[in-house]
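So the sequence shown is numbered by my numbering: it starts at 888 and just counts up by one.
For glycine and all other residues, C-beta sits at the position ideal for the given N, C-alpha and C.
Notes for the one structure printed next.
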Amino acid sequence: MAVKIDKKIKGYSVVTPEDKAKEAARPAPVAAVESLPTADVIQMHERIERPEILIGSTYKIKSPLFEHALYVTINDIVLNAGTEHELRRPFEIFINSKNMDHFQWIVALTRIMSAVFRKGGDVTFLVDEMKAVFDPKGGYFKAGGVYMPSLVAELGSIVEDHLKSIGLMHDPEMSDAQRALIAEKRAAYNQLSKKNSDVSHGELFPEPRISDTPRSEDVEVTGEGASFPPSATMCHKCNTKAVVIMDGCATCLNCGYSKCG
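Have a look at this one:
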């Protein structure tokens, strides 16, 4: 059968019997591998409906700014329960108190925060935004000597603690050298306090003594949760009343910061 060629021939090759034999000897093409089933991982988004039951935690705020305490409840939703992709994410927040002076802004704040939680994505930015709010009338020290610039900042601190408890935020790891330095500073201050106490007991209170108990400011050397001397001042690095004078230099017994380096 003749075939008419309308286009200009640019090149050609002759198919030999050897070429046909090679073509026949080639293995058959492998069938496409079926795609493996992928897990339907559910991420947090605003279209997720609220379950009938949510798990959560309630935190108490006792601020010197008002008489009655605040109770902050943060409820979480568990996504992909029972799988390797299980996640616990904040879903809503409520703030209750007998004090009605702050009712309007508390309701507005909780509704906005709950909407941000349900939106999904990275919600940890709320912590930095809230902790950066300062009260023009001045902040206060909560139990433990930690300075809070405002009530909103303490709410941000509670949200931070909650996000850490569910694994959404993590504390920066303190190096072993820094931990050893802090323990050394606390032990040195404790020894200095006891030495000054013994000296004062003999010199400032000669017989008859006013009191049998020497005046001292002991500090525990147990690491986390240590109590600090009443005369300690606030550290501008960790916002904790833990700065004492050691060897003529202001030193923080909580984070190890020192003005002398």
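List in chain order: all unbroken beta strand (DSSP E) runs of 3+ residues lying wholly within the segment 1008-1071.
1027-1029 and 1033-1035
State the DSSP-derived secondary structure class of Leu974, mapped to helix, strand or coil.
Here residue 974 refers to the residue found at position 87 when the sequence shown is read from its first residue. Reduced to three states, the DSSP call for Leu974 is strand.
Does the Cβ-Cβ distance between Phe1012 and Pro1036 come in under 8 Å?
Locating residue 1012 in the sequence shown gives position 125, counting from the first residue. Locating residue 1036 in the sequence shown gives position 149, counting from the first residue. Not closer than 8 Å, so no.
Using the Cβ count rule (16 or more neighbours within 10 Å means buried), how would you classify Tyr899?
The residue labelled residue 899 in the question sits at position 12 within the sequence shown. Exposed, since its Cβ has fewer than 16 Cβ neighbours within 10 Å.
Boundaries of the alpha helix (DSSP H) in which Val994 is found, first to last residue
Against the sequence shown, residue 994 aligns to sequence position 107. Element bounds for Val994: Phe990 to Lys1006.
Hey, could you find the ends of the beta strand (DSSP E) Ala1137 is sitting in?
Numbered from its first residue, the sequence shown carries residue 1137 at position 250. Its beta strand (DSSP E) spans residues Cys1136 to Cys1139.
Backbone secondary structure at Lys947 - three-state DSSP
On the sequence shown, residue 947 is found 60 positions in, with the first residue counted as 1. Three-state DSSP puts Lys947 in a strand.
Excluding the five sequence neighbours on either side, which residues of its own chain have a C-beta within less than 6 Å of the C-beta of Ala1119, listed in chain order?
Locating residue 1119 in the sequence shown gives position 232, where the first residue counts as 1. Correct list, in chain order: Lys1128, Ala1129, Val1130 and Val1131.
DSSP state of Glu979 mapped onto helix, strand, coil
Residue numbering aside, residue 979 sits at position 92 when the sequence shown is read from its first letter. Strand at Glu979.
DSSP three-state call for Asp963: helix, strand or coil?
Counting from 1 along the sequence shown, the entry for residue 963 is found at position 76. Asp963 falls in the strand class under three-state DSSP.
Indicate whether Phe978 and Leu941 have their beta-carbon atoms separated by less than 8 Å.
Here residue 978 refers to the residue found at position 91 of the sequence shown. Here residue 941 refers to the residue found at position 54 of the sequence shown. A contact, by the Cβ cut-off of 8 Å.
Option in Pro1116, Ala1040, Pro914 and Thr1138 with minimal Cα separation from His1123:
If you number the sequence shown from 1, residue 1123 lands on position 236. Nearest option by C-alpha distance: Thr1138.
With DSSP as the reference, label Leu952 as helix, strand or coil.
Taking the first residue of the sequence shown as 1, we reach residue 952 at position 65. In the structure shown, Leu952 sits in coil (DSSP, three-state: anything other than H, G, I, E or B).
Let me confirm a value: Phe990 is counted as buried when at least 16 other C-beta atoms fall within 10 Å, else exposed. Which label applies?
Counting from 1 along the sequence shown, the entry for residue 990 is found at position 103. Exposed, since its Cβ has fewer than 16 Cβ neighbours within 10 Å.
Where does Ala1119 sit, in a helix, a strand or coil, going by DSSP?
Within the sequence shown, residue 1119 is the residue found at index 232, counting from 1. It is coil, neither helix nor strand.
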